[in-house]
Every structure is written in C-alpha cells, then in structure tokens.
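J.: Top to bottom, those sequences are chains E and L. Going by our numbering, the first sequence opens with residue 1, and the numbers climb by one from there. Going by our numbering, the second sequence opens with residue 1001, and the numbers climb by one from there. Got a structure here, written out as structure tokens. Questions coming.
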Amino acid sequence: MSDASALEPDTGLTPGKGTSHGLPVAVLLEVTHRCPLQCPYCSNPVELDRPKSELSTEEWVRVLHEMPDLGILQVHFSGGEPMARKDIVELVQAATDAGLYSNLITSGVTLTRERLEALADAGLSHVQISFQANDPVLANRVGGYKNGHAKKLEAAKWTREAGLPLTVNAVMHRQNLHELPDMIDMAVEMGAHRIEVANVQYYGWALKNRAALMPTMAQIEECNRVVEEAEERLKGILAIDYVVPDYYAVRPKTCMGGWGRQFFNISPAGRVLPCHAAESITGLEFDSVRDHALGWIWDHSPALNLYRGTDWMPEPCQSCDFKEEDFGGCRCQAFALTGDAANTDPACSFSPHHDAIFKTAETEAETGETRFIYRNLAGGTPEA
Amino acid sequence: MTGDARAPQRLIVTGEMAVTLPRHVQLRFNKPRDMWLLLAPERVLEPDAIAVTVLQKCDGTRTIRDISQELADIYTAPVETIEADVTAMMQDLADKGFLTEGRTHE
C-alpha cells in the first residue's frame, strides 16, 4: 500500500511528473478567523478576515457539495476556532451527506460534551486538539487564555468518550521543546491515537514572533532523538507525525505537495488559496467561491496557476534534479525571506540565502527574547 | 507509565483474531479516480486489489484464519502462506493505528 504523503509519482492519487496539477485530495476549511486563543505562532494571516465577511451556512453547504465530483476526499474544519461557528454541526453533517471524510481541528476550549456528541452523530471522522505545553502555566501563557489547558484536557476526555478518535497537535518552539517527552506521555494517557509534533513554521504571526520561538540547534537534535525513541517505544500505540523546522534543514519541504497540485485552502470569506499562508504573498489576487464554481477555480484561477508545475522556476531550481520532488520548497517562505515568491526556498542548501537564514536562526535562538506578540484582530498585542 | 496495567498496548495480530477498521479509517471507492482508497487522518492510502478484497472481509466477526481459508479456496493456494501474508498486512495497518479488534474475540 502506498502513501499519498510520500508523493509517489504516476499513481492514481498523485499527479504524475510533468503534470501541473491533478485532482485535489484534501481541503482545509478555515470557517472563521475568530478564536478565543491568541497563540503567537498562529498560522492565520496577520490580516485576519472580519466576522462579517464569513461565508454563510448556505454558501459553505453549497461548496461542500461541489467537492466530491472534483475528487476531494477529505475536509479539515479549521479556523480560527471552528467551534466559534454556531452552525458547525450543520456543516459537518453537510460534509457527511456529500460523502467526505471530515476532521475537526480545534483548540478544544469551547467544546462541550453535548456538542461533541452532536458532531459524532453528524458523522465527524476525527478530532485534532492543540496543546501548547504539558505544564498548565506555560500552556496558558502560550495560548494567552486563562484555564485553557484544563479545558483542553476535559475536551480530550469527552472526545474519547464520544467514541471519536483523537490526534494531539503539539506545536513546538524554543519555549516548550523541553516538554516534548511529557507531551508525548500526555497524549498516550489521554488515549490519543496520534500526535503531530509540529515545529513552528515561520510565516505570518510566527514570523513576527520568530525571535521568541526559534529553537536552538541543540534543541532540534534533542527533539529528533526524543521523536525517534518514542516512535520505537510506542509502535502500535501512538502514531507520531513529525514536522521538522525549516531553518535548520538542508533540503526544503515539498510544501503542500507542490503549489495548487493536490491541496487547497478556503479562507473564512471564501477565497481559494494554495495554502493557509498564501495571502502573505502580496500582489496575488485569489478567486472566491462567491464568484465562481470550485471546479472552475481549481483549473483556472490565475493565482493557482502561477507556480504550478516547473516552467515558472528560475535557477537554481530550473536545472535542479530535485525540482519534481520538492517543487522548489515553499513560495511563502521564499517571499518572506527574499522578497520574491519565485525564488528557491532559502531552506534549500542550493539557495544563495541559505547560509544567511541558518545564521539568523542561530542568532535569534540565542537572543533570550521570551516575550510574545499575541495574535488578535487588532494586529497583535505585546505580552505584558 | 510502563508497568501500568491500564496503559494502552500494541495490537498484535494473530490468526484467531477478528479485526476491522476503526471509525477514522474508511475504505471507499472513489469514482473520479476509479479506484479504491483507504482514508485515514491526513492520509490517503492506495490499497492494491488483494488488500481491498481482504479489507472488505474484515468485518470484525470473521477471524483472519476464516478469511485466509476463503481466499485459499478461491485462489487454490496454501492457507498457511495466505494467513501469513494477511497477518503481516494487518499488523502493518495496526502499527499505523488503522486497525481495531472486532467484537467477537473475547
């Protein structure tokens, strides 16, 4: 059996080499940017969508029903906090009715037993709850939300009691990496099936907070060791998905499996994006499900077509043997760090900017900066 | 947590065991791609034709030995060989967290 995430070419699921894009596999639905938490590494854009601009229930239901014919298999209800939508159970039911596999990506702090049971009845396939640390004081400080950690623990228990499978999302950075072994134990104790150990990716809010978040090289080496040991020890008990930090990498990640190749994102206001960070690239115009059918957007949106395939690549990507493997890495990171989204991702050792970002990471990790800028609709608030 | 009797254990698949897919792992036929797929959290697997046949029979009541016997009859192959292959395939799924024990085992 092969795994789509391994990007094996010429299978039924993944577009073959030389193909600009195939049928979309999964969609991230950012149903709102409202969130009670204020995590400084939030993956939402710094410029958040206002509540008034959000798609209505009817608009989301229509879009969900367009998905299966396009080949879409899975939807991830995310945000912001998806539970902030009063109609979330209705939206999950619509996904089930359309025949989609549905996943809820939540902070857990506003979940109740009743709503979890309603979501289970509506056919929800899977729940992911984020945890900021194992120590409640640290966890609540990172999330900028009083008592959040205790509420999350309760939500995790109710998730399992409702018969729903659970993934723990552990977002890791310099200020909580020492807690990773405890967070893995916590996941096992709460009966999670899986943990995502995700080192922070530095776009948007995380880029603003980079000096307070960037791990040291020594921490990353320890993190690799902890993950490797836990994978062996917890085989068949807890599956571990590991996202390594870009800045210390040698090869760039195959971001989103390639721009507009098999995944996309829908923003709260209905814009179709190749990934959740794409609006950080200024000057791009994204098409909205309010103006076009989803199928038209997937094939014809100029922003999706811009970095599809390999023709757009400058050197050193154009003549690189890996261009069909990693597609030059991440466009958002290339834009954030070099000012041009078409450049090679500086996470790649072939990028002329690679040594500079490695030094930036090392320097910022040693600064001792600990204060966060909290994420909010007002453009951020510095930690007191 | 080691030594705790309530600690979760790795599922070791045996021939006497009846297994099935848990809620978060779904075997579906996908029309746009004209192929069978196994949907799991943030993963889509492509089972081959034999895996599909086996998974369709894993209803949580029939044991792996029963299923292997059925396949041995169909393909006129030694049941021991088939049972070993099926058990290995199921162990691989179990270790990914994609398999659960059926109801009739106890």
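C-beta: ideal position from N, C-alpha, C; glycine also.
Less than 9 angstroms between CB atoms is the rule here; does Met-1035/L satisfy it with respect to chain E?
T.: Closer than 9 angstroms to some Cβ of chain E, the Cβ of Met-1035/L qualifies, so yes.
J.: Counting only beta-carbon atoms, is His-353/E nearer than 9 angstroms to chain L?
T.: So no, His-353/E is outside the interface.
J.: Ignore the nearest five residues each way along the sequence and tell me which others in Leu-48/E's own chain have a CB closer than 6 angstroms to its CB.
T.: Same-chain partners within the cutoff: His-33 and Leu-377.
J.: Consult DSSP for Ile-72/E and reduce its assignment to one of helix, strand or coil.
T.: Three-state result, Ile-72/E: coil.
J.: Using CA atoms only, rank isn't needed, just tell me which of Arg-115/E, Ala-277/E and Asp-241/E is closest to Met-256/E.
T.: Nearest of Arg-115/E, Ala-277/E and Asp-241/E to Met-256/E, Cα basis: Ala-277/E.
J.: Give a yes or no on whether the C-beta atoms belonging to Thr-381/E and Gln-132/E are separated by under 9 angstroms.
T.: No, Cβ-Cβ distance for Thr-381/E and Gln-132/E is not below 9 angstroms.
J.: Exposed or buried, which one is Tyr-202/E when buried takes at least 16 other CB atoms within 10 Å?
T.: Buried, since its Cβ has 16 or more Cβ neighbours within 10 Å.
J.: Would you report the Cα separation of Met-1/E and Arg-371/E, rounded to the nearest angstrom?
T.: Low confidence applies here, because Met-1/E scores a pLDDT of 48, under 50, leaving its location unreliable; read the following figure in that light. Cα-Cα distance, rounded: 46 angstroms.
J.: Give the single residue among His-173/E, Ile-297/E, Ser-349/E and Glu-231/E whose Cα lies nearest to the Cα of Asp-1095/L.
T.: Among His-173/E, Ile-297/E, Ser-349/E and Glu-231/E, the Cα nearest to that of Asp-1095/L is on Glu-231/E.
J.: Please classify Thr-1076/L as buried or exposed, where buried requires at least 16 neighbouring CB atoms within 10 angstroms.
T.: When all chains shown are included, Thr-1076/L counts as exposed.
J.: For Val-967/L, go through chain E and note every residue whose CB falls closer than 8 angstroms to its CB, in chain order.
T.: Residue 967/L lies beyond the range of chain L shown here (1001 to 1106); nothing can be said about it.
J.: If you measure beta-carbon to beta-carbon, which residues of the region 1024 to 1050 of chain L are closer than 9 angstroms to chain E?
T.: Cβ contacts with chain E: His-1024, Val-1025, Gln-1026, Arg-1028, Asn-1030, Lys-1031, Pro-1032, Arg-1033, Asp-1034, Met-1035, Leu-1037, Leu-1038, Leu-1039, Ala-1040, Pro-1041, Glu-1042, Arg-1043, Val-1044, Leu-1045, Glu-1046, Pro-1047 and Asp-1048.
J.: With respect to the alpha helix (DSSP H) encompassing Met-186/E, which residues constitute its N-terminal and C-terminal limits?
T.: Note, Met-186/E: alpha helix (DSSP H), 180 to 189.
J.: Which residues does DSSP pair with Glu-1101/L in a beta bridge?
T.: According to DSSP, Glu-1101/L bridges with Val-1019/L.
J.: Residues in the same chain with beta-carbon distance under 7 angstroms from Val-188/E, minus the five sequence neighbours each way, listed in chain order, please.
T.: Same-chain partners within the cutoff: Leu-234, Ile-237 and Leu-238.
J.: For Gly-1097/L, go through chain E and note every residue whose CB falls closer than 7 angstroms to its CB, in chain order.
T.: What Gly-1097/L touches in chain E: His-193, Arg-194 and Ala-239.
J.: Across the region 99 to 112 of chain E and the region 1072 to 1086 of chain L, are there enough close Cβ pairs to call them in contact, namely three or more that are closer than 8 angstroms?
T.: Contact between the region 99 to 112 of chain E and the region 1072 to 1086 of chain L is absent, because fewer than three Cβ pairs lie under 8 angstroms.
J.: Return the residue from the list Leu-138/E, Ser-102/E, Ser-43/E and Arg-194/E that minimises the CA-CA distance to Asp-121/E.
T.: The option with the nearest alpha carbon to Asp-121/E is Ser-102/E.
J.: Taking Ile-373/E as the reference, which of Arg-141/E, Asp-69/E and Ala-94/E has the closest Cα?
T.: Cα-wise, what sits closest to Ile-373/E is Arg-141/E.
J.: Which runs of the alpha helix (DSSP H) at least 4 residues long sit entirely within the region 202 to 287 of chain E? Give them in chain order.
T.: Counting only runs of 4 or more, we get 204 to 208, 210 to 213 and 217 to 233.
J.: Could you tell me the boundaries of the alpha helix (DSSP H) in which His-300/E lies?
T.: Where His-300/E is concerned, the enclosing alpha helix (DSSP H) stretches over 294 to 300.
J.: Give the straight-line distance between the Cα atoms of Leu-284/E and Arg-1065/L, rounded to the nearest whole angstrom.
T.: Rounded to the nearest angstrom, the two C-alpha atoms are 58 angstroms apart.
J.: As an exercise, report each continuous alpha helix (DSSP H) stretch of at least 4 residues that is fully enclosed by the region 51 to 112 of chain E, in chain order.
T.: The region 51 to 112 of chain E contains these whole alpha helix (DSSP H) runs: 57 to 70 and 88 to 98.
J.: Considering only DSSP beta bridges, list what Gln-333/E is partnered with.
T.: None, per the DSSP bridge assignment.
J.: Beta carbon of Val-1052/L, beta carbon of Ile-1067/L: below 9 angstroms?
T.: Cβ distance not < 9 angstroms, so Val-1052/L and Ile-1067/L don't count as in contact.
J.: Given that a residue counts as buried once 16 or more other Cβ atoms are within 10 Å of its Cβ, and exposed if not, what is Thr-1063/L?
T.: Thr-1063/L comes out buried.
J.: What is the rounded straight-line gap between the Cα of Ile-240/E and the Cα of Thr-167/E?
T.: Between Ile-240/E and Thr-167/E, the C-alpha separation is close to 9 angstroms.
J.: Out of Arg-210/E, Asp-287/E and Leu-13/E, which has the shortest C-alpha to C-alpha gap to Gly-1043/L?
T.: Sequence inspection shows Arg at residue 1043/L; the Gly mentioned does not correspond to that position. For the residues Arg-210/E, Asp-287/E and Leu-13/E, the minimum Cα distance to Arg-1043/L belongs to Leu-13/E.
J.: Determine the chain E residues that contact Ala-1094/L at a beta-carbon separation under 8 angstroms, and present them in chain order.
T.: Near Ala-1094/L (Cβ distances below 8 angstroms), the residues of chain E are Gly-236.
J.: For Arg-1010/L, return the contacting residues in chain E, with the cut-off set at a CB-CB distance below 9 angstroms.
T.: Near Arg-1010/L (Cβ distances below 9 angstroms), the residues of chain E are Leu-234, Lys-235, Gly-236 and Ile-237.
J.: Have a look at Ala-84/E and Asn-209/E and give me their C-alpha separation to the nearest angstrom.
T.: Going by the C-alpha atoms only, they are around 25 angstroms apart.
J.: Please compile the residues from chain L whose C-beta is within a distance smaller than 8 angstroms of the C-beta of Gly-163/E.
T.: Neighbours of Gly-163/E on chain L, chain order: Arg-1023.
J.: Give me, in chain order, the residues of the same chain whose beta-carbon lies closer than 8 angstroms to that of Gly-1003/L; leave out the 5 immediate sequence neighbours on both sides.
T.: Unreliable positioning characterises Gly-1003/L in this predicted model, as indicated by a pLDDT of 45, which lies under 50. The coordinate reading is nonetheless provided below. Closer than 8 angstroms at Cβ, skipping near neighbours: no residue.
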